[in-house]
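Student: Just so you know, we're using our numbering here: the sequence shown kicks off at 883 and counts up by one.
The following block contains the structure, expressed as structure tokens.
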Amino acid sequence: ARAEADALARGPHEFTFTGSYVNRSVDREGRFDEYDATLSRAIRLPGKARLDREIGAAGIVAASNRAEDARHQAALLLAQYWWDWLGAAEESRIDGQAVANYARMLAATQRRVALRDAARLEADQAEGALGAARIAAEQSAGREAVARRRLMAQFPGLPLPDAAPEIPQPDFDDGAIEALGAKVIARSHEIAAAEAEAQKAGAAAARAQAERIADPSIGVRLFSERDGAERGAGVIFSMPFGTGHRRALADRAQAESGAARAEAAAARAAINEMAATDVVEARFRHAAWLRAREAVAAQVAALMKLRTGQAAGEIGLADVLLGERQVHDAFRIEALARAEAQRALTRLRIDAHELWISE
883 ARAEADALAR GPHEFTFTGS YVNRSVDREG RFDEYDATLS RAIRLPGKAR LDREIGAAGI
943 VAASNRAEDA RHQAALLLAQ YWWDWLGAAE ESRIDGQAVA NYARMLAATQ RRVALRDAAR
1003 LEADQAEGAL GAARIAAEQS AGREAVARRR LMAQFPGLPL PDAAPEIPQP DFDDGAIEAL
1063 GAKVIARSHE IAAAEAEAQK AGAAAARAQA ERIADPSIGV RLFSERDGAE RGAGVIFSMP
1123 FGTGHRRALA DRAQAESGAA RAEAAAARAA INEMAATDVV EARFRHAAWL RAREAVAAQV
1183 AALMKLRTGQ AAGEIGLADV LLGERQVHDA FRIEALARAE AQRALTRLRI DAHELWISE
């Protein structure tokens, strides 16, 4: 864009040199060496150079904002792969803990069976639950490995720890969230780029309209005839006469300017939508995580009662296994809800250019 602006500022016209040499033969007079030389250059009419500079400056602004938006998109991609990895790792940890819980339960049940304090059926039930937990653990570990590999492939220079860090609890402030939503619009590089493109197209349309009157060319001419018997110097002037072609080009540029203005309006509408949805998603993801955390507390309390009842001989193993599975599911739901809440908050901060916008 800077190179284009420099070219526009300098203008499209260059010096043109033309010349000819002729060896002429005249009856009864002899042969004569003759030549002529012309140096000419077209000049931009008043106002055209200013429009060219406007076009170049708007192009630089548009390109700079597109470059910043490319970094913005890279930050969004990093956030997507990052939270995919942390979410999958959290699932894997929970599933691994479930395997450990079921393994302890199976060992305890087998001891009770050996002491004739429990039926063999209970040991089979515990073993079946352990097998299902191991399948889930293998699948979640595989998803974690895939997510980590994707992150490493997209960002090979990013140093990753051996184990994914735990997902922190979302730090939610409704007033701050609303302010971030306003910054998404105010700091949008997409809007700035689209508006700069519209400004560039407008200047280009004005330039095409001015080009309906062609630029004249002026120059100097030197000539020598009859071996220098006749010599001369003069000024030359030429100017093309515009036709329907130039008018059509001006009409096209005017239409493109209108299209660019429409695209700028569409970009602003899209960013307004994105800002509003970012705020709404951050809110409902946070609310969903709060409900998921409450569900975990309730399921854990219920499981403790089930275990107490089993120890007292009032509740069977099947009910305890069901409670274990419900607790396991509640922890997984809470982990996923926490990851999605953090993902939504991170996206909002990136869109507001509050995070990952520097080098």
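For each residue, glycine too, the CB sits at the ideal point set by N, CA and C.
Given the structure is predicted, the values throughout are model-derived calculations rather than measurements.
Rounded to whole angstroms, what's the CA-CA distance from Val-1161 to Arg-1002? Just pull it up for me.
Tutor: 55 Å
Student: Measuring alpha carbon to alpha carbon, tell me which of Val-1209, Met-1034 and Ala-1170 ends up nearest Leu-1188.
Tutor: Taking only the C-alpha atoms, the option nearest Leu-1188 is Val-1209.
Student: I need the straight-line Cα distance from Val-1178 to Asp-1211, nearest angstrom please.
Tutor: 9 Å
Student: Spatial neighbours of Ala-961 within its chain, please: CB distance less than 8 Å, with the 5 preceding and 5 following residues excluded, ordered by chain position.
Tutor: Arg-1225, Thr-1228, Arg-1229, Ile-1232 and Trp-1238
Student: How should Glu-1060 be labelled, buried or exposed, when 16 other C-beta atoms within 10 angstroms of its C-beta is the threshold for buried?
Tutor: Flag for Glu-1060 reads exposed.
Student: Can you list, in chain order, the residues of its chain with a C-beta nearer than 7 Å to that of Glu-886? Leave out the 5 residues immediately preceding and following it.
Tutor: Gly-938 and Gly-941
Student: Is Arg-1157 buried or exposed, if buried means 16 or more other CB atoms sit within 10 Å of its CB?
Tutor: One point to set straight first is that residue 1157 is Ala, not Arg, in the sequence displayed. The residue is buried, with at least 16 neighbouring Cβ atoms inside 10 Å.
Student: Out of Gly-1116, Ala-1174 and Thr-1190, state which residue places its alpha-carbon closest to the alpha-carbon of Thr-920.
Tutor: Gly-1116
Student: For Ile-1232, which of helix, strand or coil comes out of DSSP?
Tutor: helix
Student: Please go through the same chain and pick out, in chain order, the residues whose beta-carbon is closer than 8 Å to the beta-carbon of Leu-1131, but skip the five residues on each side of it.
Tutor: Ala-1090 and Glu-1093
Student: Using beta-carbon positions only, say whether Arg-1207 and Ala-1174 come within less than 9 Å of one another.
Tutor: No; because the gap between Cβ atoms is not below 9 Å, this pair is not in contact.
Student: Terminal residues of the continuous alpha helix (DSSP H) containing Gly-1140?
Tutor: 1126-1193
Student: Looking at the secondary structure, which residues open and close the alpha helix (DSSP H) in which Leu-958 lies?
Tutor: 930-996
Student: Are Pro-1014 and Leu-988 touching if we call contact CB-CB under 9 Å?
Tutor: The sequence given here places Ala at residue 1014; Pro does not occur at that position. The Cβ atoms of Ala-1014 and Leu-988 do not sit closer than 9 Å to each other.
Student: What are the residues that DSSP puts in a beta bridge with Ala-924?
Tutor: BP columns for Ala-924 point to Ser-1099.
Student: Between Ala-957 and the rest of its own chain, which residues show a CB-CB distance below 6 Å, the 5 nearest in sequence each way excluded?
Tutor: Ile-1232 and Trp-1238
Student: Restricting to Cα atoms, I'd like to know which of Asp-1109, Glu-896 and Ala-889 is closest to Ser-1099.
Tutor: Nearest option by C-alpha distance: Glu-896.
Student: Tell me Ser-1106's beta-bridge partners as DSSP assigns them.
Tutor: Tyr-917 and Arg-1113
Student: Can you pull the DSSP bridge partners for Gly-912?
Tutor: Val-908.
Student: Please look up how many angstroms separate the CB atoms of Ile-1118 and Ser-902, rounded, as I've assumed it's under 8 Å.
Tutor: Contact doesn't hold; Cβ gap of about 14 Å is too wide.
Student: Near Glu-1072, which residues of its chain fall below 8 Å by C-beta distance, leaving aside the five closest residues on each side in sequence?
Tutor: Asn-947, Asp-951, Ala-1149, Ala-1152 and Ile-1153
Student: Pull up the DSSP beta-bridge partners for Ile-1118, would you.
Tutor: DSSP, once it has assigned bridges, lists Gly-1101 as partnering Ile-1118.
Student: Am I right that Gln-1136 and Ala-1080 are in contact with their C-beta atoms under 8 Å? What's the rounded C-beta distance?
Tutor: Actually they do not touch by this definition, with Cβ atoms about 13 Å apart.
Student: Which whole-angstrom value is the C-beta distance of Leu-1199 and Gln-979, which I expect to be below 8 Å?
Tutor: Going by Cβ atoms, the distance from Leu-1199 to Gln-979 rounds to 20 Å, so no, they are not a contact pair.
Student: Count the other CB atoms within 10 Å of the CB of Val-1028; is the residue buried (16 or more) or exposed (fewer)?
Tutor: Exposed, by the Cβ-count rule.
Student: Gly-1057 lies in the alpha helix (DSSP H); which residues open and close that run?
Tutor: 1056-1068
Student: Would you tell me roughly how many angstroms separate the C-alpha atoms of Arg-913 and Glu-1112, rounded to the nearest one?
Tutor: 14 Å
Student: State the CB to CB distance for the pair Glu-916 and Val-908, rounded to an integer number of angstroms; the pair is presumed to be in contact (CB under 8 Å).
Tutor: In fact, because the Cβ distance is near 11 Å, the residues do not count as touching under 8 Å.
Student: Taking the alpha-carbon positions, what's the Ala-1141 to Pro-894 distance?
Tutor: 26 Å
Student: How many angstroms separate the CA atom of Arg-932 from the CA atom of Ala-1085?
Tutor: 10 Å
Student: Within 10 angstroms of the Cβ of Pro-1052, are there 16 or more other Cβ atoms? Answer buried if so, exposed if not.
Tutor: buried
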